[in-house]
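Peer 1: To convert, count from 1 in the sequence shown and add 272; that's the UniProt record's numbering. Take a look at this one; I'll ask things after.
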Amino acid sequence: AEAQLAQAQKMEAVGQLTGGIAHDFNNMLAVVVGGLDLARRKIAQRPAEAGVHLDGAMEGADRAAALTRRLLSFARAEPLLPDAVLPAKLVAGMNVLLDRTLGERVTVQVDTAGAHWPIWADAHQLENAILNLAVNARDAMEGAGRLDISVADVAVAAGDSADVKPGDYVRISVADTGCGMSPQVLARAFEPFFTTKPVGKGTGLGLSQIFGFVRQSHGDVRVDSEVGKGTTISLYLPRYHGVAAERNADAADRAARPK
Ligand code: ADP
Numbered sequence: 273a274e275a276q277l278a279q280a281q282k283m284e285a286v287g288q289l290t291g292g293i294a295h296d297f298n299n300m301l302a303v304v305v306g307g308l309d310l311a312r313r314k315i316a317q318r319p320a321e322a323g324v325h326l327d328g329a330m331e332g333a334d335r336a337a338a339l340t341r342r343l344l345s346f347a348r349a350e351p352l353l354p355d356a357v358l359p360a361k362l363v364a365g366m367n368v369l370l371d372r373t374l375g376e377r378v379t380v381q382v383d384t385a386g387a388h389w390p391i392w393a394d395a396h397q398l399e400n401a402i403l404n405l406a407v408n409a410r411d412a413m414e415g416a417g418r419l420d421i422s423v424a425d426v427a428v429a430a431g432d433s434a435d436v437k438p439g440d441y442v443r444i445s446v447a448d449t450g451c452g453m454s455p456q457v458l459a460r461a462f463e464p465f466f467t468t469k470p471v472g473k474g475t476g477l478g479l480s481q482i483f484g485f486v487r488q489s490h491g492d493v494r495v496d497s498e499v500g501k502g503t504t505i506s507l508y509l510p511r512y513h514g515v516a517a518e519r520n521a522d523a524a525d526r527a528a529r530p531k
């Protein structure tokens, strides 16, 4: 009976999730249909106005496509293609992408001076994770703000941290001067589909994907957040005791590594 109850509760949660997504998707579709309908009525007399409505429809369609893309990649849980990666190099290579994503109101500071160790991870997913953290940080900052990304080698000793197991890690921290998270939001922030953002803007999948990626890479996530002050999210990714591909691009060597 207990198992049945658990199953029923699970089904209820799934129902709520899919209901919520269908609701979001329907809203986006309403924007598309509404825009097309207005455009159709204006096209003969006022082509310029029709164009504005078509743009609106296009935007709705783009949002719906983005939602389904994220849903699909979440459902598929894209396979990891890990390799030896130098996080300092990867993050330094994201400068232009970050500047473009964050716009002018957010100042970005990147510090990779303390990072030398390689890690064993999927570079593409790591880049996505950092970008997601940066976008969340941007969204948390109204007006001007500061985003600090630091990459550093850290040796965590027994008793150092309740969240991170002892060991050698490369720590990637993304710190913002944004609104911070209340204890209620923090408690749920990593749940799939949990979002405090308006319909069509947040999917609530960013942090849960990041958590999944980090755990699959045998790492840990730490969050420090204070309402009104800001949030720091740190990814601890285990040090890889081998040679980074960037320094040893021998194809035969790479092929011989366990995948
Ligand atoms: P989404 O960004 O689509 O809402 P996420 O899973 O990335 O989904 O984040 C879930 C929620 O966690 C956000 O809606 C927000 O309330 C909170 N959150 C995430 N990052 C931050 C941050 N840097 N500062 C404040 N709140 C945050």
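Cβ atoms here follow ideal geometry from the backbone N, Cα and C, with glycine treated the same way.
From 514, 456, 438, 469, pick the residue whose C-alpha is nearest to that of residue 508; which is it?
Peer 2: Locating residue 508 in the sequence shown gives position 236, where the first residue counts as 1. Ranking the options by Cα distance to residue 508, first place goes to 438.
Peer 1: So, at 7 Å on beta carbons, what are the nonlocal neighbours of residue 436 in its own chain, with the 5 sequence-adjacent residues on each side left out?
Peer 2: Locating residue 436 in the sequence shown gives position 164, where the first residue counts as 1. Excluding sequence neighbours, residue 436 sits near 428, 492, 494, 508.
Peer 1: May I ask you to check if the CB of residue 480 is nearer than 7 Å to at least one heavy atom of the ligand ADP?
Peer 2: The residue you call residue 480 lines up with position 208 of the sequence shown. It does: the Cβ of residue 480 is within 7 Å (strictly closer) of some heavy atom of the ligand ADP.
Peer 1: State yes or no: is the C-beta of residue 449 within less than 8 Å of the C-beta of residue 418?
Peer 2: Position 177 of the sequence shown, counting from 1, holds the residue named residue 449. Position 146 of the sequence shown, counting from 1, holds the residue named residue 418. Against a cut-off of 8 Å, the Cβ pair of residue 418 and residue 449 comes out as a contact.
Peer 1: Ignore the nearest five residues each way along the sequence and tell me which others in residue 322's own chain have a CB closer than 6 Å to its CB.
Peer 2: What you label residue 322 is simply residue 50 of the sequence shown in a count that begins at 1. Excluding positions up to five away in sequence, the list reads 311, 314, 315.
Peer 1: Give me whichever residues DSSP pairs with residue 222 in a beta bridge.
Peer 2: For the chain, the structure presents residues 273 to 531; residue 222 sits outside this window and is missing.
Peer 1: When the distance is taken between beta carbons, is residue 360 closer than 8 Å to residue 423?
Peer 2: By 1-based counting over the sequence shown, the position of residue 423 is 151. By 1-based counting over the sequence shown, the position of residue 360 is 88. The answer is yes: Cβ separation under 8 Å.
Peer 1: Go to residue 402, then tell me how far its alpha helix (DSSP H) extends in each direction, as first and last residue.
Peer 2: Stepping through the sequence shown from its first residue, residue 402 is reached at position 130. It spans 395–412 - the alpha helix (DSSP H) in which residue 402 sits, taken as one unbroken run.
Peer 1: Verify the contact flag: residue 477, CB atom, against every heavy atom of the ligand ADP, threshold strictly below 7 Å.
Peer 2: Residue numbering aside, residue 477 sits at position 205 when the sequence shown is read from its first letter. Because some heavy atom of the ligand ADP lies under 7 Å away, the Cβ of residue 477 counts as near it: yes.
Peer 1: Just curious, the alpha helix (DSSP H) that residue 371 is in, first and last residue?
Peer 2: Locating residue 371 in the sequence shown gives position 99, counting from the first residue. Its alpha helix (DSSP H) spans residues 367–374.
Peer 1: Indicate whether residue 375 and residue 451 have their beta-carbon atoms separated by less than 8 Å.
Peer 2: Counting from 1 along the sequence shown, the entry for residue 375 is found at position 103. Counting from 1 along the sequence shown, the entry for residue 451 is found at position 179. Their beta carbons are not under 8 Å apart, which means residue 375 does not touch residue 451 by this criterion.
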